[in-house]
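S.K.:
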Amino acid sequence: MTTVSVEQLPREIAKSLLEIEAVALRPNEPFTWTSGLKSPIYCDNRLTMTYPAIRDLIAEGFAAVIRERYPNAEVIAGTATAGIPHAAWVAQKLGLPMAYIRDKAKGHGKQNQIEGRIEAGQNVVVIEDLISTGGSSLKAAIAVQEAGANVNAVLAIFSYQFAAASDAFANAGIPLETLSNYSALIEVAAEIGKVQSSDIETLKSWRENPQAFGQ
Ligand SMILES: O=P(O)(O)OC[C@H]1O[C@H](OP(=O)(O)OP(=O)(O)O)[C@H](O)[C@@H]1O
Ligand SMILES: O=C(O)c1cc(=O)[nH]c(=O)[nH]1
């Protein structure tokens, strides 16, 4: 088991993401995000699955937040697809039931959007890998509410810290917490020299006005 200091996690996880090259930069050939936004950066948290020590650090971080702030959680639900493995590891650590939430209901079989069992009235913590606009995880959380359950919080590994995402969660009345974030990533990247200083400047100015990127 990994011992975690929750205060240190933003930097520790950011460092891990940089070390395993989960963070890719392509200022000249922008990535298209799920929201349609174009971006010079892509953070592939799926790669954390490959590294037992890193995925355990993440799972311990989530478990610590849940034990401390959401001790009445009864189900851990992952967002499809990248949130699913992390939800499974956290649920295992906490000895809680696990479920996952598809981005939409299946078109065949039982036509479920939620797989696994979430009962009306249960307290659910939703686990996501990454928050950009927050659209995917908010949609998943609302699906859980529509099933009659309470969403205690959405927890994610990483956030780009866009005001639009925090506003959307605040408007929905759903707490959003993340283990690491863009500020920590940029800080650590500059310190350990993993990203060139010219790229750090690009990343800072992109973050000021992402909509204008590449135009
Ligand atoms: O905050 P948002 O703007 O919604 O963006 C973040 C979402 O985008 C990615 O998922 P993707 O759609 O690539 O699917 P995947 O999880 O199946 O890889 C990521 O895993 C988040 O779920
Ligand atoms: O918004 C997205 O689609 C997105 C951004 C990112 O950095 N990483 C990712 O997996 N998805």
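When we follow this note's numbering, the leftmost residue of the sequence shown carries the number 69, and every step to the right adds one.
The beta-carbon is built from N, C-alpha and C at its ideal position, and this holds for glycine as well.
Treat the numbers as computed from the prediction; the structure is a model and nothing was measured.
(1) For the segment 153-165 against the segment 114-133, do three or more pairs of beta-carbon atoms, one drawn from each stretch, fall closer than 8 Å, so that the two count as touching?
(2) Could you tell me the distance, in whole angstroms, from the CA atom of Gly-177 to the CA atom of Ala-236?
(3) Looking only at its own chain, which residues have a Cβ that is under 6 Å from the Cβ of Gly-197, when we skip the five neighbours before and after it?
(4) Does DSSP put Phe-237 in a helix, in a strand, or in coil?
(5) Contact check, Ala-233 vs Ile-199 under 8 Å by CB: the rounded distance?
(6) Could you pull the start and end residues of the beta strand (DSSP E) that Leu-244 belongs to?
(7) Suppose the cutoff is 7 Å on Cβ atoms and the five residues either side in sequence are ignored; what does the same chain contact list for Glu-80 look like?
(8) Tell me, which residues are paired with Thr-100 by DSSP?
(9) Specify, as a first and last residue, the run of the alpha helix (DSSP H) that Phe-130 falls within.
(10) Within its chain, find whatever has a CB closer than 8 Å to the CB of Ala-217; leave out the 5 residues flanking it on each side and keep chain order.
(11) Any chance the CB of Trp-101 is under 7 Å from a heavy atom of ligand 1?
(12) Which stretch, first to last residue, makes up the alpha helix (DSSP H) that contains Val-263?
(13) For the segment 121-137 and the segment 158-174, state whether three or more C-beta atom pairs, one from each stretch, are separated by less than 8 Å.
(14) With a threshold of 7 Å on Cβ separation, who are the neighbours of Tyr-110 within its own chain once the five nearest residues in sequence on each side are excluded?
(15) Do Val-133 and Glu-245 have their C-beta atoms within less than 8 Å of each other?
(16) Taking the alpha helix (DSSP H) that Ala-215 belongs to, which residues open and close that run?
(17) Answer yes or no: the CB of Asp-124 versus the heavy atoms of ligand 1, is any distance below 7 Å?
(18) With 16 as the cutoff for other CB atoms within 10 Å, does Arg-123 come out buried or exposed?
(19) Quick check on Pro-78: buried or exposed, where buried means 16 or more other Cβ atoms within 10 Å of its Cβ?
(20) Val-74: buried (16+ other C-beta within 10 angstroms of its C-beta) or exposed?
(21) With Leu-105 and Pro-278 assumed to form a contact (beta carbons below 8 Å), what rounded beta-carbon distance in angstroms separates them?
(22) Starting from Ala-148, trace the alpha helix (DSSP H) in both directions and tell me its first and last residue.
M.R.: The structure says:
(1) Short answer: they touch.
(2) C-alpha of Gly-177 to C-alpha of Ala-236: approximately 33 Å in a straight line.
(3) Per the sequence shown, the amino acid found at residue 197 is Asp instead of Gly. Correct list, in chain order: Asn-113, Ala-150, Gly-151, Ile-225.
(4) Three-state DSSP puts Phe-237 in a helix.
(5) Contact flag correct, Cβ pair sits at about 5 Å.
(6) Note, Leu-244: beta strand (DSSP E), 244-249.
(7) Within the same chain, and ignoring the five residues on either side of Glu-80 in sequence, the residues whose Cβ sits closer than 7 Å to its Cβ are Leu-125.
(8) In the DSSP assignment, Thr-100 is bridged to Lys-106.
(9) Taken as a continuous stretch (DSSP letters only), the alpha helix (DSSP H) holding Phe-130 covers 120-137.
(10) Only Val-143, Ile-186, Glu-187, Ala-188, Gly-189, Gln-190, Asn-191, Val-192 meet the Cβ criterion.
(11) Indeed, a heavy atom of ligand 1 lies less than 7 Å from the Cβ.
(12) For Val-263, there is no enclosing alpha helix (DSSP H), since its DSSP letter is neither H nor E.
(13) Taking 8 Å as the limit for Cβ pairs, the verdict is that the segment 158-174 does touch the segment 121-137.
(14) Same-chain partners within the cutoff: Ala-92, Phe-99.
(15) The criterion of a C-beta distance shorter than 8 Å is satisfied by Val-133 and Glu-245.
(16) In the DSSP assignment, Ala-215 falls outside any alpha helix (DSSP H) and carries neither an H nor an E.
(17) The beta carbon of Asp-124 sits no closer than 7 Å to any heavy atom of ligand 1.
(18) Its Cβ being crowded by 16 or more others within 10 Å, Arg-123 is buried.
(19) Burial call: buried.
(20) When all chains shown are included, Val-74 counts as exposed.
(21) Between Pro-278 and Leu-105 the Cβ distance is about 6 Å, and since that is below 8 Å, they are a contact.
(22) Segment: none, Ala-148 is in no alpha helix (DSSP H) and carries neither H nor E.
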